[in-house]
Amino acid sequence: MKTDDFIAMLADGPRAPSRSAVVGRLGSGVAFSVVAALLLLAFVVPGGIPVHSLITRLAMTMFWLKVALPLSITIAAACIASRLSQPGVRVGRAWHALLTPFMAVWLVALATLFTAPADARSALILGHTWRTCSLHIALLSAPALFVLLRAMRSLAPTRPELAGAATGLLAGAIGALVYCLRCPEMEVPFWATWYLLGMTAPTLAGALLGRRMMRW
250 MKTDDFIAML ADGPRAPSRS AVVGRLGSGV AFSVVAALLL LAFVVPGGIP
300 VHSLITRLAM TMFWLKVALP LSITIAAACI ASRLSQPGVR VGRAWHALLT
350 PFMAVWLVAL ATLFTAPADA RSALILGHTW RTCSLHIALL SAPALFVLLR
400 AMRSLAPTRP ELAGAATGLL AGAIGALVYC LRCPEMEVPF WATWYLLGMT
450 APTLAGALLG RRMMRW
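Counting in the working numbering, the sequence shown runs from 250 upward without gaps.
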């Protein structure tokens with residue numbers, strides 16, 4: 250191959266996505282994922298959105314603390330996924346932003362269990378809906394996982410498994426965030442167990458699918 254032809258091939262080859270392209274594609278994917286999860290919650294999950302009890306919970310501080318958990322993970326995971334979608338961009342301190350809500354909820358959960366009577370600890374962890382909570386979160390995250398993986402694939406991730414895991418965690422956090430509208434549980438040990446477990450399934454699925462879908 251001649252030098253001029255090689256230079257022309259490099260100039261015309263695929264380029265890293267711009268920041269606006271990353272924000273646009275992932276932002277659209279997140280917006281669609283939230284809407285899809287809301288529709289699933291309203292029309293597929295048994296019980297739907299309990300409007301009357303939700304209005305009551307909106308006045309509770311613990312409800313907003315519960316919302317803060319998946320919301321903070323959603324923001325951090327979106328930041329990490331956006332950086333992993335661009336070659337040569339370091340994740341950096343975004344890892345700290347992701348670890349902070351996990352560590353905070355675990356520390357509060359452990360402190361709550363430590364100070365609670367021994368015969369009340371299992372109830373704090375299991376609540377009333379432990380059998381279905383994680384399953385519902387995984388279900389609500391399914392459309393988000395599909396849409397966000399396609400969005401990431403259209404960008405330029407160079408670490409497929411890690412990018413897929415971050416995308417799956419983002420999908421799981423969106424599912425958990427929407428599920429807060431349905432969930433009646435107000436105990437931190439419950440969230441630390443079943444909410445995080447529900448986010449784990451799409452995270453693992455994202456890592457496995459990312460290995461294939463995002464390979465160059």
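All C-beta atoms, glycine included, are put in the ideal place defined by N, C-alpha and C.
* In three-state DSSP terms, what is Ile298? -> Indexing the sequence shown from 1 puts residue 298 at position 49. Reduced to three states, the DSSP call for Ile298 is coil.
* Under the three-state reduction of DSSP, which class applies to Leu307: helix, strand or coil? -> Taking the sequence shown and counting its residues from 1, one reaches residue 307 at position 58. Three-state result, Leu307: coil.
* Between Phe281 and Val396, is the Cβ-Cβ spacing less than 8 Å? -> Locating residue 281 in the sequence shown gives position 32, counting from the first residue. Locating residue 396 in the sequence shown gives position 147, counting from the first residue. Yes. Within cutoff.
* Asked: What is the DSSP secondary structure of Ser334, counted as helix, strand or coil?
  -> As a working note, residue 334 is residue 85 in the sequence shown. Ser334 falls in the coil class under three-state DSSP.
* What is the C-beta distance between Gly447 and Cys382, in whole angstroms, given that I count them as a contact (C-beta under 8 Å)? -> Here residue 447 is taken as the residue at index 198 of the sequence shown, counted from 1. Here residue 382 is taken as the residue at index 133 of the sequence shown, counted from 1. 6 Å between Cβ atoms; contact.
* Asked: Does DSSP put Ala412 in a helix, in a strand, or in coil?
  -> Position 163 of the sequence shown holds residue 412. Of the three classes helix, strand and coil, the one that applies to Ala412 here is helix, per DSSP.
* Which one of Gly421, Met435, Pro438, Trp355 has the shortest CA to CA distance from Gly455? -> The residue labelled residue 455 in the question sits at position 206 within the sequence shown. Minimum Cα distance to Gly455 is reached at Gly421.
* Return the chain-ordered list of same chain residues with a C-beta closer than 7 Å to the C-beta of Ala441, the five sequence neighbours on each side being excluded. => For the purposes of this step, residue 441 is taken as the residue at position 192 of the sequence shown. Val354, Trp355, Ala358, listed in sequence order.
* For Trp443, count neighbouring Cβ atoms within 10 angstroms of its own Cβ and tell me buried if that reaches 16, exposed if not. => Position 194 of the sequence shown, counted from the start, is the residue given in the question as residue 443. Trp443 sits buried, since 16 or more C-beta atoms from the chains shown fall within 10 Å of its C-beta.
* Asked: Looking at C-alpha atoms only, which residue of Arg306, Arg431, Arg460 is the closest neighbour of Thr378?
  -> Position 129 of the sequence shown holds residue 378. It is Arg431.
* Rounded to a whole number of angstroms, what is the C-alpha to C-alpha distance between Ala326 and Val300? -> For the purposes of this step, residue 326 is taken as the residue at position 77 of the sequence shown. For the purposes of this step, residue 300 is taken as the residue at position 51 of the sequence shown. Rounded to whole angstroms, the separation of the alpha carbons of Val300 and Ala326 is 29 Å.
* To do: Whole angstroms is fine: what's the gap from Thr323's alpha carbon to Ala425's?
  => Along the sequence shown, read from residue 1 onward, the residue named residue 323 stands at position 74. Along the sequence shown, read from residue 1 onward, the residue named residue 425 stands at position 176. Between Thr323 and Ala425, the C-alpha separation is close to 9 Å.
* **Coil, strand or helix - Val283 by DSSP** => The residue you call residue 283 lines up with position 34 of the sequence shown. DSSP places Val283 in helix when its eight states are reduced to three.
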